[in-house]
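Asker:
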Amino acid sequence: MFAPGEMVRVKDAWPEATGPVHIRTPYYVCGVTGEVVRHLGDFSNPEDLAFARPAEKRPLYHVRFRKGAIWPEAKPDDELLIEIFEHWLERP
Amino acid sequence: MNILEADSDRLLAAVRAVLEQKGIVSTPEIHARIASTDAASPGQGARMVAKAWVDPDYRELLLEDGTRAAEALGIRMRGMPPLGVLENTPEVHNLVVCTLCSCYPRAVLGYPPFWYKSAAYRARAIRDPRELLASEWKTVIPESVKLRVVDSTADYRWMVLPQRPDGTEGWDEEKLAGIVRAGDMIGVTVPMV
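Line by line, the protein sequences give chains A and B.
1 is the number of the first residue of the first sequence in the numbering used here; add one for each residue after it.
93 is the number of the first residue of the second sequence in the numbering used here; add one for each residue after it.
1) Throw me the rounded Cβ distance for the V241 (chain B) and A217 (chain B) pair, which I believe falls under 8 Å.
2) Using CA atoms only, rank isn't needed, just tell me which of A:A17, A:V32, A:H87 is closest to R66 (chain A).
3) L266 (chain B) to I122 (chain B), Cα distance in whole Å?
4) Helix, strand or coil: which one does DSSP assign to F206 (chain B)?
5) Report yes if the C-beta distance between R249 (chain B) and L175 (chain B) is below 8 Å; otherwise report no.
6) Does G135 (chain B) come out as helix, strand or coil in the three-state DSSP assignment?
7) Report yes or no: do three or more beta-carbon pairs, one from the region 42–56 of chain A and one from the region 109–121 of chain B, lie closer than 8 Å?
8) Three or more C-beta pairs under 8 Å: does that hold for the region 184–196 of chain B against the region 152–160 of chain B?
9) Measuring only the C-alpha atoms, how far is S210 (chain B) from D220 (chain B)?
10) How close, in whole Å, do the beta carbons of T245 (chain B) and I82 (chain A) come, if the pair is a contact with beta carbons under 8 Å?
11) Going straight from the alpha carbon of S227 (chain B) to that of I233 (chain B), what length do you get?
12) Compute the Euclidean distance between the alpha carbons of E90 (chain A) and M140 (chain B), then round it to the nearest angstrom.
13) Whole angstroms is fine: what's the gap from L60 (chain A)'s alpha carbon to D42 (chain A)'s?
14) CA-CA distance, R102 (chain B) and V117 (chain B)?
15) Over what stretch of residues does the alpha helix (DSSP H) that includes E158 (chain B) continue unbroken?
As structure tokens, then:
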């Protein structure tokens, strides 16, 4: 589990390369470091759920990213707030 | 039989019959869901916003648990994804988008506007949201205000609690609800008097 305020990096993973999955992590944020805002609850893993496979409940977090960490030309302090499942997050 | 070529009404009737036989979903449940989907409109969200503007306890509930706040006003949330509400303040303006598909807080705002699902809105909202809001809606977010783009990617649905505009002092809830539009509750516009 991650605590609010903890820094996390989104894994630069490509599970679709090894089989059918339904990914709810946007590509533009892969490999980017952000900050956990809060744990939103535990929800069935969409990667399995969408293919009618047994889907474990996984923690879902709201994670905040500085806009400038993704698009350098953006106003750097603007931010993105994204729901990301725990298995996509790692400690940077 | 190729189901892609089957008559759609007959196909639907067959699927519904199988779902009913297997005890997965009954006809009354389908009718109840159709009724709640049709009843959902921006007017529901507007009632929640107006109440939050006049009732501090309700505002607290709305920001803590949008689903319970909707149910408190008689809005049917059973079977709907959890609702989260983010507050606009003098420091932060929230904009909601779903870059992966078209997630929208339908339970409280009804059907999304057609452009919400467009590739153009979804791409511009994350890449250059200030330009998008200014050029398409004349919504200019001051440089001193942080723009927070909420990408609705998973199991929640997100709604914005806009700021109450000046010039509405002494208004009752019904009159306040009358100025709140769908766009105000996803952050493409702000309520105006």
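Using N, Cα and C, we set each Cβ at its ideal position, and we do this for glycine too.
Answerer: This is what the structure holds:
1) 6 Å
2) A:V32
3) According to the sequence shown, residue 266 (chain B) is Glu rather than Leu. The straight-line gap from Cα to Cα measures roughly 32 Å.
4) helix
5) yes
6) Under the three-state reduction of DSSP output, G135 (chain B) falls in the helix class.
7) Fewer than three pairs of CB atoms, one per stretch, sit closer than 8 Å, so the region 42–56 of chain A makes no contact with the region 109–121 of chain B.
8) no
9) 15 Å
10) 6 Å
11) 12 Å
12) 37 Å
13) So the two alpha carbons sit approximately 6 Å from each other.
14) Straight through space, the alpha carbons of V117 (chain B) and R102 (chain B) are spaced by roughly 18 Å.
15) Checking the displayed sequence, the identity of residue 158 (chain B) turns out to be Gly instead of Glu. Per DSSP, G158 (chain B) belongs to the alpha helix (DSSP H) from 158–164.
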